[in-house]
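Written below as structure tokens is the structure these notes are about.
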Amino acid sequence: MAKFEYAPAPESRAVVTIAASYGLFIGGDFIEATDGSTYETINPSSEEALAEVTEAGKADVEAAVRAARAAFEGPWSRLPGTERGKYLFRIARILQERAREFAVLETLDNGKPIKESRDFDIPLAAAHFFYHAGWADKLEHAGLSGGSGQPPRPLGVVGQVIPWNFPLLMLSWKIAPALAAGNTVVLKPAQTTPLTALLFAEVCQQADLPAGVVNIITGAGETGRLLVEHPGVDKVAFTGSTQVGKAIARSIAGTRKRATLELGGKAANIVFDDAAIDEAVEGIVNGIFFNQGHVCCAGSRLLVQENVADDVIMRLKHRLQTLRVGDPLDKNTDVGAINSAAQLARIRELTEIGEAQGATRWSAPCNLPDRGFWFAPTVFTDVCQSHRIAQEEICGPVLSVLTFRTPQEAVAKANNTPYGLSAGIWTEKGSRILWMADQLRAGVVWANTFNRFDPASPFGGYKESGYGREGGRHGLEAYVTTGANR
Ligand code: NAD
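Sequential numbering from 730 applies to the sequence shown in our numbering.
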């Protein structure tokens, strides 16, 4: 397969200063943990240690929630929306000014290609702050009163827990609407990707955000559990796996806490025979190989109409041979490193099960680096609906291909999953797009495109993909209360 040769184009690491160790950001300052335990965060593309990070314990979670409560009851919740909006605008502008630094740091800590952190994660994170800054003084006019006639009010202290696949972006999805509505937050980034959240803490200082409005505590699942179960938390906002989402829902059941859960997915990307096939192939590649497939709404199941299946799969394999897998800091790289050894083990386990259950495996030929965590873009054909690779979220660069003959069959297969986060439809017929979108049990349906996001557009799931929406006016609803329900 002819392939362009590219000279290396590495982004400079020099734009980022990483401290040897980080404390917790509580009450506007970085402080030492009470129990003093730490762990290393590593670069998944080289396994090099980047920094020592604090594991927050019970007393630290307590201190963070207390700082958030004090800030809420202090001036923050009574500040006019215009003033809150100014802080959000300031944060958005600082994120833009420091975008290159954030992009390099995200790529170092996460393993994603620099062109994605530079062109997707960081600009979209800034856009979320800009968008919500605009809402801060308009909440009374957003129809959020639930018919009570009372102005919407903030809920209080929000406990937020996020995953490792889009660290800064998920932080912005959580913090921007919470602050716009007048809440204060304690946020825990994922264990393997804490560094951009800690840099964001510096942005809060730079923006002169009042102390305690944003608190960042690092640690693993136990820290997250302590946070969401803390009685001083009024609302929980969680993005992560369905398994942990269920545990959180159980733990807060019967309390007064509100929750939004953004969980896993197993999206169908559906290609009809009248689709523009080359564009659809680009959409399939973007759908599952963007961010190494570490995407909750990834198009991990390709449903292709039977009469064009051979052609689509042939063109897809050709295209995959041109993907450049390797150094995430190289601006030419398309597919970076798998985020952690644990995630790589999970991907390997599920792909081995795929082969054992009878699916046919094909992996793009590529030279994977010796060190770090890597997995070649992989396509499974001859997949049955009952195969585990067609049912379970792999959260890696692995596509399962199924076929269908009629639109009805496509809908039945697409909906045959416990999840319901997203779906894609590729066809020239507008009427078919509308009919399909109506039938698909998925929170987001893309037509002739995939993985498009905008802060104004609500995002969220059906079924085991969670509940609640993030983004847009719908996302704000989760962060306010009114006279009617208080
Ligand atoms: P995970 O559920 O293991 O962890 C997510 C976060 O929860 C981490 O910060 C983790 O430390 C914390 N956590 C773990 N156990 C906890 C507990 N008992 N209580 C509280 N917090 C706990 O998920 P992950 O592996 O980090 O992330 C990948 C998952 O996230 C995938 O399933 C992906 O689909 C999903 N995801 C969903 C969305 C969405 O919007 N629906 C977006 C991105 C990722």
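The beta carbon of each residue, even a glycine, is placed where N, CA and C say it ideally should be.
Rounded straight-line distance, which links the Cα of residue j to that of residue i
| i | j | result |
| --- | --- | --- |
| Phe733 | Asn894 | 29 Å |
| Val973 | Glu951 | 11 Å |
| Val1174 | Met1165 | 9 Å |
| Arg1215 | Pro1094 | Because the pLDDT at Arg1215 is just 43, under 50, the model does not fix this residue reliably, and the value given afterwards should be weighed accordingly. Roughly 59 Å between the two C-alpha positions. |
| Leu924 | Gly969 | 18 Å |
| Leu884 | Trp1091 | 50 Å |
| Pro1057 | Ala936 | 30 Å |
| Gln1137 | Phe1001 | 12 Å |
| Gly814 | Ala907 | 12 Å |
| Tyr1208 | Lys844 | 33 Å |
| Ala1171 | Leu992 | 13 Å |
| Leu1045 | Leu1031 | 11 Å |
| Ser741 | Ala919 | 25 Å |
| His861 | Val890 | 20 Å |
| Ser980 | Glu958 | 7 Å |
| Lys986 | Ala1027 | 30 Å |
| Gly1195 | Leu990 | 5 Å |
| Thr811 | Ala910 | 11 Å |
| Arg847 | Arg807 | 36 Å |
| Leu955 | Thr770 | 21 Å |
| Val1064 | Pro842 | 6 Å |
| Ala1216 | Phe1133 | Outside the displayed range of the chain (730 to 1215) lies residue 1216, so it cannot be described from this structure. |
| Arg1198 | Ser874 | 17 Å |
Counterpart residues of residue i in DSSP-defined beta bridges
| i | result |
| --- | --- |
| Ala1176 | Ile1154 |
| Tyr768 | Val782 |
| Lys917 | Val890 |
| Ile999 | Leu1032 and Ile1154 |
| Lys964 | Val887 and Arg987 |
| Trp1091 | Val1108 |
| Val1054 | Val1064 |
| Asp758 | Ile755 |
| Gly1195 | Glu991 |
| Asn944 | Val915 |
Closer than 6 Å: residue i CB and nearest the ligand NAD heavy atom
| i | result |
| --- | --- |
| Trp893 | yes |
| Ala966 | no |
| Cys1113 | no |
| Gly1204 | no |
| Ser1151 | no |
| Ala1070 | no |
| Val973 | yes |
| Ser970 | yes |
| Val957 | yes |
| Arg954 | yes |
| Glu991 | yes |
| Gly1012 | no |
| Val890 | yes |
| Ala1185 | no |
| Gly950 | yes |
| Cys684 | Because the chain in this structure spans residues 730 to 1215, residue 684 falls outside the shown range and cannot be described. |
| Cys1025 | yes |
| Cys1095 | no |
| Ala1066 | no |
| Gln920 | yes |
| Ala832 | no |
| Ala785 | no |
| Ala799 | no |
| Ala1166 | no |
| Ala976 | yes |
Same chain, Cβ closer than 7 Å to residue i, five either side skipped, listed in chain order
| i | result |
| --- | --- |
| Ile1162 | Ile1154, Thr1156 and Ala1176 |
| Phe858 | Leu817, Ile820, Ala821, Leu824, Ser901 and Ala905 |
| Ile1229 | In this structure the chain extends from 730 to 1215, so residue 1229 is not present and cannot be described. |
| Leu1097 | Val1054, Trp1103 and Ala1105 |
| Ala792 | Ile755 |
| Leu898 | Asp850, Leu853 and Ala854 |
| Leu928 | Phe831 and Leu834 |
Close-in-space but distant-in-sequence residues of the same chain around residue i (CB under 6 Å, 5 per side omitted)
| i | result |
| --- | --- |
| Ala1004 | Trp1155 and Thr1156 |
| Arg1117 | Ile1082 |
| Gly756 | Ala796, Ala940 and Gly941 |
| Asn1274 | Residue 1274 lies beyond the stretch modelled for the chain, which goes from 730 to 1215, so this question has no answer here. |
| Leu938 | Tyr816 |
| Glu830 | Val744 and Val745 |
Cutoff 7 Å: residue i Cβ touching any chain B Cβ
| i | result |
| --- | --- |
| Ser1151 | The structure shown contains no chain B; it holds only a single protein chain. |
Nonlocal neighbours in the same chain, by C-beta distance under 8 Å from residue i, ignoring five residues either side
| i | result |
| --- | --- |
| Ala932 | Correcting the residue type first, residue 932 is Val in the shown sequence and not Ala. So the qualifying residues of the chain are Ile820, Ile823, Leu824 and Arg827. |
| Gln1120 | Lys995, Gln1114, Thr1146 and Pro1147 |
| Thr1089 | Phe1109, Thr1110 and Asp1111 |
| Ile1123 | Gly1022, Ser1029, Arg1075, Ile1076, Leu1079 and Thr1080 |
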